[in-house]
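Step one of this worksheet: look at the structure below.
Numbering (my numbering), first residue to last: 2 to 239.
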């Protein structure tokens, strides 16, 4: 049995019950998995719930975190990147997570770079959500929190975002100008797209929707991603 067939067998079982993906009713860490499963043609139950239910839900999860992917045989997959790789492996066309080792190394390298960018952004993001986790007082006790949040976020947009945008622009050029690792869309594109998309949504204070407009090659790649027939079909189904 090929790796792709084995992945599909894990995800589909005997076909009587789809895998169940549980997460909050937002894009977040589950969205790359949703996109990859959809591209791979794997039907799944998209089980979402509001944040208000999390306190009751949390004790029922395996490690107290989401997303969780429950396979037909009852196995619970708990890490979103493991889910993403499994979904990519299940692609019957072999494009999302190519079996060719040289191509796969490229995909893994880009996944790592995306992770680096997300980790660099995380302090600026979470300081406005859970400041005590970063050594600051709780929101209600921190009088100048807003000024600190603004500085961290605007500094990231001015310094680190252009740096990473440059890295990804170079990857697009090096790969022939279409996707990040070559002619085909892979899970590396899915992961990076979602990471950069955050900076176009206007959902965080001090992060305007036009934050990527200074990087036209990156914006063009995102539009190609969205125009991919299977991505477009997924987005149209939401």
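Note that the Cβ used here is the ideal one computed from N, Cα and C, for glycine as well.
### Task
Could you say if the segment 85-92 and the segment 113-120 meet the contact criterion of at least three C-beta pairs nearer than 8 Å?
No: fewer than three Cβ pairs fall under 8 Å.
#### Entry: Every unbroken alpha helix (DSSP H) within the segment 5-83, with a cutoff of 4 residues, ordered by chain
Considered as a whole, the segment 5-83 harbours 32-40 and 55-58 as its complete alpha helix (DSSP H) runs of no fewer than 4 residues, in chain order.
### Query
Would you call residue 123 buried or exposed, if buried means 16 or more other Cβ atoms sit within 10 Å of its Cβ?
With fewer than 16 Cβ atoms within 10 Å of its Cβ, residue 123 is classed as exposed.
### Task
Decide yes or no for the touch test of the segment 183-193 against the segment 142-154: beta carbon pairs closer than 8 Å, at least 3 of them.
No, they do not touch.
#### Entry: Alpha-carbon to alpha-carbon, residue 125 and residue 136
In this structure, the CA atom of residue 136 is about 13 Å from the CA atom of residue 125.
### Task
Find out if the Cβ-Cβ distance for the pair residue 161, residue 121 is shorter than 9 Å.
Yes, these two residues count as a Cβ contact at 9 Å.
### Which of helix, strand or coil DSSP assigns to residue 154
Of the three classes helix, strand and coil, the one that applies to residue 154 here is helix, per DSSP.
### Task
May I have a chain-ordered list of the alpha helix (DSSP H) segments no shorter than 4 residues that lie completely inside the segment 159-193?
Here the runs fully enclosed are 162-175.
#### Entry: Residue from 214, 79 and 39 with nearest C-alpha to residue 167
Considering only alpha carbons, the answer is 214.
### Task
Given a cut-off of 9 Å, decide if residue 45 and residue 63 are closer than it, judged by their beta-carbon atoms.
Between residue 63 and residue 45, the C-beta gap is not smaller than 9 Å, which leaves the two residues out of contact.
### First through last residue of the alpha helix (DSSP H) which encompasses residue 230
Segment 230-238, the alpha helix (DSSP H) holding residue 230.
### Neighbourhood of residue 32 by C-beta, 6 Å cutoff - its chain only, sequence neighbours within 5 removed
When the five nearest sequence neighbours on each side are left out, the beta carbons in the same chain lying within less than 6 Å of the beta carbon of residue 32 are those of 195, in order along the chain.
### Query
Relative to the C-alpha of residue 234, which residue among 19, 24, 5 and 36 is closest?
The shortest C-alpha separation from residue 234 is found at 36.
### Task
Compare the beta carbon distance of residue 79 and residue 66 with 9 Å and say whether it is the shorter of the two.
Taking 9 Å as the Cβ cut-off, residue 79 and residue 66 qualify as a contacting pair.
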